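**Q** The structure that follows is given in the form of C-alpha cells.
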Amino acid sequence: MSAEPRINDRIRVPEVRLVGPSGEQVGIVPLAKALELAQEYDLDLVEVAANARPPVCKLMDYGKFKYESAMKAREARKNQAHTVIKEMKLRPKIDPHDYDTKKGHVVRFLKQGDKVKITIMFRGREQSRPELGYRLLQRLAEDVADLGFVESNPKQDGRNMIMVLGPHKKKTEAMAEAREAQAARKADAKANPGKSQNAAEAEASADDQAEAPADDQAEASTDA
Numbered sequence: 002m003s004a005e006p007r008i009n010d011r012i013r014v015p016e017v018r019l020v021g022p023s024g025e026q027v028g029i030v031p032l033a034k035a036l037e038l039a040q041e042y043d044l045d046l047v048e049v050a051a052n053a054r055p056p057v058c059k060l061m062d063y064g065k066f067k068y069e070s071a072m073k074a075r076e077a078r079k080n081q082a083h084t085v086i087k088e089m090k091l092r093p094k095i096d097p098h099d100y101d102t103k104k105g106h107v108v109r110f111l112k113q114g115d116k117v118k119i120t121i122m123f124r125g126r127e128q129s130r131p132e133l134g135y136r137l138l139q140r141l142a143e144d145v146a147d148l149g150f151v152e153s154n155p156k157q158d159g160r161n162m163i164m165v166l167g168p169h170k171k172k173t174e175a176m177a178e179a180r181e182a183q184a185a186r187k188a189d190a191k192a193n194p195g196k197s198q199n200a201a202e203a204e205a206s207a208d209d210q211a212e213a214p215a216d217d218q219a220e221a222s223t224d225a
C-alpha cells in the first residue's frame with residue numbers, strides 16, 4: 002500500500018473534520034464543501050488522519066509540504082551520528098617512530114568520536130611473549146587516556162591480542178565541534194584575505210580528512 006496520503010478528489014468519504022491553512026479548526030463539513038474551500042484558497046485538501054471518524058483533512062500546499070519534509074529528512078540523516086569502529090594494527094616490537102604515527106591515528110579517531118579496535122599481531126616466536134603485546138596496549142591506553150578509555154580489555158584471539166578503546170566524547174559532540182571549527186576557519190579566512198595559500202590548503206586538507214572515514218579505515222588497517 003502507498004504511504005502517500007489521499008488528496009483532493011482521491012478522498013472518498015461523505016464528510017471530513019477540516020483543519021484550515023493556519024491550523025485553525027473549521028469543524029466537520031461535507032467533502033464537497035472542503036474541496037470547494039481548497040479551490041478557493043488555491044490549496045490542496047490533504048487527509049492527515051485517515052483512521053479518525055470522520056477523517057481529518059487539512060488545507061495546505063501539498064507540493065511545498067512534501068519538499069520541506071524531504072529537506073528535513075535529509076538534514077536529519079546528515080546530522081545522524083553513526084557508531085564507527087576504526088581498526089589499528091601494530092606489531093609487539095614496533096619502533097618508536099611507527100608507534101607515534103599509529104598513536105596519532107588513534108588520537109584522531111577518538112577526537113572524531115569513533116571507537117578504535119587495537120590489534121597486536123604476533124608472528125613466529127612472538128606468540129610465546131604475549132606480555133609484550135599486553136604492555137604495548139597498556140602504554141597506548143595510558144597515552145590517549147585524556148581522549149578515550151578501555152572499553153574492552155586486552156584479550157588473546159588466536160595469534161592476535163585485541164583491545165577496544167571508546168571515546169570520552171560522543172560522536173554528535175565531535176561532529177558539532179568539527180563544524181564549528183570549520184566555520185571559524187572560513188570566517189578567519191574572510192577576515193584575513195592575505196593569509197598564505199599553503200595555510201588555507203592545509204586547513205582544507207584537515208577538513209577533508211575529518212570527513213573521509215573510508216580513507217581513515219584503509220589507512221588504519223595498514224600493518225606496522
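Quick note on the working numbering: the sequence shown kicks off at 2 and runs consecutively.
Yeah, the Cβ is synthetic: ideal placement off N, Cα and C, and Gly gets one too.
Please read all numbers here as calculations on a predicted model, not as lab measurements.
#1: Would you give the residue range spanned by the alpha helix (DSSP H) that proline 168 belongs to?
#2: Please work out which residues of its chain come closer than 6 Å, Cβ to Cβ, to leucine 59, disregarding the five sequence neighbours upstream and downstream, and give them in chain order.
#3: May I ask which residues mark the beginning and end of the alpha helix (DSSP H) holding glutamate 48?
#4: Residue range of the beta strand (DSSP E) that lysine 116 falls in?
#5: With three or more beta-carbon pairs closer than 8 Å as the criterion, would you say the region 119-128 touches the region 87-95?
#6: If we ignore side chains and look at the alpha-carbon of each, how far apart do glutamine 128 and alanine 188 end up?
#7: Under DSSP, the beta strand (DSSP E) around leucine 137 begins and ends at which residues?
#8: With C-beta atoms as the reference, is glycine 105 less than 8 Å away from alanine 175?
#9: For glutamate 25, which three-state DSSP category applies?
#10: Indicate whether the contact test is met: 3 or more Cβ pairs, each with one atom in the region 35-47 and one in the region 4-14, closer than 8 Å.
#11: Using the Cβ count rule (16 or more neighbours within 10 Å means buried), how would you classify arginine 18?
#12: How far does the beta strand (DSSP E) with glycine 149 in it reach, from first residue to last?
#13: Excluding the five sequence neighbours on either side, which residues of its own chain have a C-beta within less than 6 Å of the C-beta of phenylalanine 110, listed in chain order?
#14: Using 8 Å for Cβ pairs, my map puts leucine 166 next to glutamate 181. What's the rounded Cβ distance?
**A** So, from the listed chains and residues:
#1: Here the question's residue 168 lines up with position 167 in the sequence shown. Here proline 168 belongs to no alpha helix (DSSP H); instead the beta strand (DSSP E) covers 161-168.
#2: Here the question's residue 59 lines up with position 58 in the sequence shown. The question names leucine, but residue 59 in the sequence shown is lysine. The residues are Val20, Val47, Val49.
#3: Position 47 of the sequence shown, counted from the start, is the residue given in the question as residue 48. Note, glutamate 48: premise wrong, no alpha helix (DSSP H); beta strand (DSSP E) at 45-50.
#4: Taking the first residue of the sequence shown as 1, we reach residue 116 at position 115. Where lysine 116 is concerned, the enclosing beta strand (DSSP E) stretches over 116-122.
#5: yes
#6: Counting from 1 along the sequence shown, the entry for residue 128 is found at position 127. Counting from 1 along the sequence shown, the entry for residue 188 is found at position 187. For glutamine 128 and alanine 188, the distance between alpha carbons rounds to 54 Å.
#7: For this step, residue 137 is matched to residue 136 along the sequence shown. Segment 131-144 is the alpha helix (DSSP H) holding leucine 137; no beta strand (DSSP E) there.
#8: Translated into the one-based positions of the sequence shown, residue 105 becomes position 104. Translated into the one-based positions of the sequence shown, residue 175 becomes position 174. No. Outside cutoff.
#9: Residue numbering aside, residue 25 sits at position 24 when the sequence shown is read from its first letter. If DSSP states are grouped into helix, strand and coil, glutamate 25 belongs with coil.
#10: yes
#11: Counted from its first residue, the sequence shown places residue 18 at position 17. Buried, by the Cβ-count rule.
#12: Along the sequence shown, read from residue 1 onward, the residue named residue 149 stands at position 148. Unbroken beta strand (DSSP E) run through glycine 149: 149-158.
#13: For the purposes of this step, residue 110 is taken as residue 109 along the sequence shown, with counting starting at 1. Cβ within range, chain order: Lys87, Val117.
#14: Numbered from 1 along the sequence shown, position 165 holds the residue referred to as residue 166. Numbered from 1 along the sequence shown, position 180 holds the residue referred to as residue 181. Not really, about 25 Å apart at Cβ, beyond 8 Å.
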